[in-house]
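Visitor:
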Amino acid sequence: MDGVIADHSATLDQLATGESAVVAGVNGAGLSRRRLLEMGFVQGTPVRLVRRAPLGDPLELDVAGYRLSLRGEVAAHIHVRRRG
Amino acid sequence: MHTDAPARPRRIALVGNPNVGKTTLFNRLTGLRQKVGNFPGVTVERKVGHARLRGVDHEVIDLPGSYSLVADAIDEEIVAKLLCEGGDDPAHRCDCPDVVVVVIDAGNLRRNLFFLSEVLDTGLPVVVALNMVDEAQRAGIAIDARAIERVSGVPCVETVARRGEGIERLLERAVEAAERGVAPSRRWRLPPEDEQRLGARIDGAQPRWKELQALRAEQPDFRQREIEARYRWAATATGPDVQRAAALRRRSDRIDRWLLHPVIGPLAFVLIMGLLFQAVFTWAVPAMDLLEQGIGQLADAVRGPALWQRLLADGAIAGVGAVVVFLPQILILFLGLGLLEDTGYLTRAAFIVDRPLKALGLSGRAFIPLMSSFACAVPGVMAARAIPDPRERWLTIFIAPLMTCSARLPVYALLIAAFIPDHRYLGGLVGLQGLVLLALYLAGMAAAAGFALLVERWRSPGPRLHGMLELPPYRLPTARTVALRLKLRAGAFLTRAGKLIFLASVLMWALTTFPQTAPPPGASAEEAAAVQLEASFAGQLGRLVEPVFRPLGFDWKIDVGLISSFAAREVFVGTMGVVYSVGEGADEHSSSLRAAMAAQRHPDTGAPVYDLPTVLALLAFYVLALQCVSTIAIVARETGSWRTPALQFVAFTGAAWIAAWLTRQIAIALGG
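As they're listed, the protein sequences go chains C and W. If you're matching positions, the first sequence starts at 202 in the working numbering and goes up one per residue. If you're matching positions, the second sequence starts at 27 in the working numbering and goes up one per residue.
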């Protein structure tokens, strides 16, 4: 189940702390991708990078209302459109 | 709607996302009328209890939290199997519940409704429990049970499980739905092409889940479109409430600003763990002293010349009593760990330690099972079911027994209290005894980390599954939850003491008392007891293995204790209670095991048996050795073979011997 996004939007791990964005799509393959979608990272979902852990990883994300801890390498698969 | 005839008992399954209050609801429905697994904790297997409605006892099943019925880890598979396939064992009659209660967090509707949409497709009757409405109301979120009913087509009851509100109504609706037995209709819509494909397959009699499974298997992108379609449906019930949801997190965010602060966070973590630790060792002492006195008096009252009296006083009471004394410490440990878990702090801790754990081949998700193992490795090993990556799960299970479990606590506490001097530092704030205990805990963790690194180096690298972890808002557990947890935990501890330790103690007493040997003529009571002990079965066994442990400084009596504690660690304390009370003879019985141990002398040299190097070696042995049949059994069950526990036994016990020997040598060299 592959998804390939061909535009130039940022990935979730590239956001600045506190920055909001909207999910454009999830790259990559396999079970992690499916689980990300199931957890709510579908197209159009508002997300915000709340903070990074004390050692820089993982990231705490606000996903349309709830908080999820995600490793940077996984967040790199989620493409987003930055909000103004 | 209600008839006067008594209703049939129904099977009610509780499902929902993690952290929505399913178990709180379960406790409200069933109270103490639940079959207590010996090991309370995060739900990783089904729990069964009974709820009474109008004189009929309905069966209620609490299931692990899941994010989707397309399972990601073993605990989610349990839920999927029960709802979609009618249970684990196709050979038995249908295990299906009569009705499924989907518990939903009112403050987190979107993702919860996604899960609800999946459950609605299983063909089972559904009732929705809209839980935590109090929190949502406080945050200004307008919740509407009617809207959810309209959108889903099934009954929806507002509940506040922590306060017990709405429970009765929920039970009534659930039983009604079970009696009606109507399968919910599908309310979410796929894109037209997929709708056609699905429509072509649906045979009205079968639940839709099987058709959806088939489509997912055939079409690689189908699952994505299906997920998106379900979330679109969820949006029709939630509307644009993202802003208001932020209000819910305000208090939690304020707390997290400190507890997850880059510098203060880790500091707070260390402080909190240290505080828990201090509490366990220091606060329980007065209660423990009282217990010890009481048990000693009981034994003295019972003791007499008859064999059964000796069995009771020196076998059962001495053995079981030696362990029961530690109940206050165990309770404080469980109280502390329970609070950390229930408030939601443990997920923050997991968030902080994820990065260092990654270096060991683990993740923050492994942190919670490993923390549980501080209480007891058995629920810790089971909690590993929530870890999606199979290799990480195996590794977590492998090192779990090295975490200092509560059964080691009596052994440590006994040896430390008896042989480590009570020096104080920093004006009485910090004690040497506490420091030694801390060192033992750290040693266990260091050993776990060491073994994890070893395994990682050995294994070939492979793709690693995600380590997603939800951070729920901070919640204060109710006094009721805490009390129930403590009651269940104390009950489990006493039951274990009552059965396992009792049997072991009686067995130990028999092994030390038989064969009965007549004392040599003119011998004192002490000498007679010593001769008896040595000639007994236990004595012979101890003599047999003595060569193995002599380099560690253990005499054969300690060896007897060591061997007996391979069944369960705290049996060591019970065994020593029996061995030294029998060895001392009835006349000189001291109600303190510590005093008896301190008085032990080697018969040939007259030197104390428990000198510092020996005590330290004994402690080191217990840090590492795998001594617990329950753990071995559960690891075998969870990993599906005896290979892993065999490997653990050999590796850890071998390492224990080496560590004990090294410790002894170092202690002697330093002039112990």
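Glycine included, every Cβ here is placed at the ideal spot set by N, Cα and C.
Okay, do the segment 309 to 316 of chain W and the segment 338 to 348 of chain W touch, 3+ Cβ pairs below 8 Å being the bar?
Guide: Because the criterion of three Cβ pairs below 8 Å is not met, the segment 309 to 316 of chain W and the segment 338 to 348 of chain W do not touch.
Visitor: Does residue 451 of chain W pass the burial test, meaning 16 or more other C-beta atoms within 10 Å, or should it be called exposed?
Guide: Under this definition residue 451 of chain W is an exposed residue.
Visitor: Would you mind giving the Cβ-Cβ distance between residue 597 of chain W and residue 530 of chain W, rounded to the nearest angstrom? I have them listed as a contact below 8 Å.
Guide: The Cβ separation is near 5 Å, so the contact holds.
Visitor: Please report the distance separating the alpha-carbon of residue 444 of chain W from that of residue 217 of chain C.
Guide: Near 56 Å, if we compare the C-alpha coordinates of residue 217 of chain C and residue 444 of chain W.
Visitor: Say whether chain C places a C-beta atom closer than 8 Å to the C-beta of residue 239 of chain W.
Guide: Answer no: the Cβ-Cβ gap between residue 239 of chain W and chain C never drops below 8 Å.
Visitor: Would you say residue 492 of chain W reaches chain C, if we count a Cβ-Cβ gap shorter than 8 Å as a contact?
Guide: True, the Cβ-Cβ gap to chain C drops below 8 Å.
Visitor: Who are the near neighbours of residue 138 of chain W in its chain, counting only those whose CB is closer than 6 Å to its CB and skipping five residues on each side?
Guide: Excluding sequence neighbours, residue 138 of chain W sits near 43, 130, 131.
Visitor: Between the Cα of residue 209 of chain W and those of W/146, W/235, W/639, W/476, spot the shortest distance and give me the residue it belongs to.
Guide: Out of W/146, W/235, W/639, W/476, W/146 has the C-alpha closest to the C-alpha of residue 209 of chain W.
Visitor: Which residues, in chain order, does the segment 218 to 234 of chain C contribute to contact with chain W at a C-beta distance below 9 Å?
Guide: Listed by position along the chain: 227, 231, 232, 233, 234.
Visitor: Relative to the alpha-carbon of residue 495 of chain W, which residue among C/245, C/262, C/212, C/266 has its alpha-carbon at the smallest distance?
Guide: Looking at the Cα atoms, C/262 is the closest of the given residues.
Visitor: If you draw a straight line from the C-alpha of residue 483 of chain W to the C-alpha of residue 251 of chain W, how long is it?
Guide: Those two C-alpha atoms are separated by around 41 Å.
Visitor: If you check the beta carbons only, do residue 639 of chain W and residue 693 of chain W fall under 8 Å apart?
Guide: Cβ atoms of residue 639 of chain W and residue 693 of chain W: closer than 8 Å.
Visitor: Between residue 174 of chain W and chain C, is the shortest Cβ-Cβ distance under 8 Å, so that the two count as touching?
Guide: No, residue 174 of chain W does not count as interfacial toward chain C.
Visitor: Looking at C-beta atoms only, is the number of pairs between the segment 182 to 197 of chain W and the segment 236 to 245 of chain W that lie closer than 8 Å three or more?
Guide: As far as the Cβ criterion goes, the segment 182 to 197 of chain W does not touch the segment 236 to 245 of chain W, which means the pair count is below three.
Visitor: Nearest by alpha-carbon distance to residue 320 of chain W: which of W/294, W/332, W/306, W/348 is it?
Guide: Checking every option, the nearest Cα to that of residue 320 of chain W belongs to W/348.
Visitor: Quick check on residue 267 of chain C: buried or exposed, where buried means 16 or more other Cβ atoms within 10 Å of its Cβ?
Guide: The residue is buried, with at least 16 neighbouring Cβ atoms inside 10 Å.
Visitor: Just by C-beta distance, which residues in the segment 80 to 114 of chain W are closer than 9 Å to chain C?
Guide: Listed in sequence order: 93, 94, 96, 98.
Visitor: Run the CB neighbour count on residue 409 of chain W, radius 10 Å, all protein chains shown included, and call it buried at 16 or more, exposed below.
Guide: Flag for residue 409 of chain W reads buried.
Visitor: Report yes or no: is there a C-beta of chain C within less than 8 Å of the C-beta of residue 496 of chain W?
Guide: For residue 496 of chain W, the answer is yes, since a Cβ of chain C falls inside 8 Å of its Cβ.
Visitor: Run through the DSSP bridge pairs and tell me what residue 247 of chain C is partnered with.
Guide: BP columns for residue 247 of chain C point to C/223.
Visitor: Classify residue 326 of chain W as buried or exposed, calling it buried when 16 or more other Cβ atoms lie within 10 Å of its own Cβ.
Guide: Looking at its Cβ environment, which holds fewer than 16 other Cβ atoms inside 10 Å, residue 326 of chain W is exposed.
Visitor: Apart from the five residues on each side of it in sequence, which residues of its chain come closer than 8 Å, Cβ to Cβ, to residue 262 of chain W?
Guide: If we look at residue 262 of chain W and ignore the five residues flanking it on each side, its Cβ neighbours are 177.
Visitor: For a test of the three-state rule: what should DSSP assign to residue 425 of chain W, helix, strand or coil?
Guide: Three-state DSSP puts residue 425 of chain W in a helix.
Visitor: Hey, residue 154 of chain W and residue 180 of chain W: beta-carbon distance below 8 Å or not?
Guide: Cβ distance < 8 Å, so residue 154 of chain W and residue 180 of chain W count as in contact.
Visitor: Quick one: list the residues of chain W neighbouring residue 241 of chain C, beta-carbon separation under 8 Å, in chain order.
Guide: Those within 8 Å of residue 241 of chain C in chain W are 136, 137, 140, 257.
Visitor: I need the DSSP call for residue 122 of chain W, collapsed to helix, strand or coil.
Guide: It is coil, neither helix nor strand.
Visitor: Which bits of chain C does residue 703 of chain W rub up against, with CB to CB less than 8 Å?
Guide: Missing from the structure shown is residue 703 of chain W; chain W here goes from 27 to 698 and no further.
Visitor: When the Cα of residue 76 of chain W is compared with those of W/110, W/104, W/35, W/41, which residue comes out closest?
Guide: Comparing Cα-Cα distances from residue 76 of chain W to each of W/110, W/104, W/35, W/41, the minimum goes to W/35.
Visitor: Pull up the distance between the alpha-carbon of residue 284 of chain W and that of residue 250 of chain C, whole angstroms please.
Guide: Going from the Cα of residue 284 of chain W to the Cα of residue 250 of chain C covers about 17 Å.
Visitor: Taking the beta strand (DSSP E) that residue 42 of chain W falls in, what are its first and last residues?
Guide: Element bounds for residue 42 of chain W: 37 to 42.
Visitor: How far does the beta strand (DSSP E) with residue 182 of chain W in it reach, from first residue to last?
Guide: Where residue 182 of chain W is concerned, the enclosing beta strand (DSSP E) stretches over 182 to 184.
Visitor: With the cut-off set at 8 Å, would you say residue 458 of chain W and residue 446 of chain W are in Cβ contact?
Guide: Their beta carbons are under 8 Å apart, which means residue 458 of chain W touches residue 446 of chain W by this criterion.
Visitor: Leaving out five residues before and five after residue 64 of chain W in sequence, what residues of the same chain have Cβ atoms less than 6 Å from its Cβ?
Guide: In this prediction, residue 64 of chain W scores a pLDDT of 40, lower than 50, which makes its location untrustworthy; the coordinate-derived value is nonetheless stated afterwards. Around residue 64 of chain W: 518.
Visitor: Kindly list, in the order they appear in chain C, the residues whose Cβ is closer than 9 Å to that of residue 220 of chain W.
Guide: Here the premise fails: no neighbours, minimum Cβ distance about 15 Å.
Visitor: Skipping 5 residues on each side, what residues in its chain have a beta carbon closer than 7 Å to that of residue 388 of chain W?
Guide: Correct list, in chain order: 418, 421, 422, 478.
Visitor: By the 8 Å beta-carbon criterion, what residues does the segment 286 to 313 of chain W contribute toward chain C?
Guide: For the segment 286 to 313 of chain W, which is checked against every Cβ of chain C, the residues closer than 8 Å are 286, 287, 288, 289, 291, 292.
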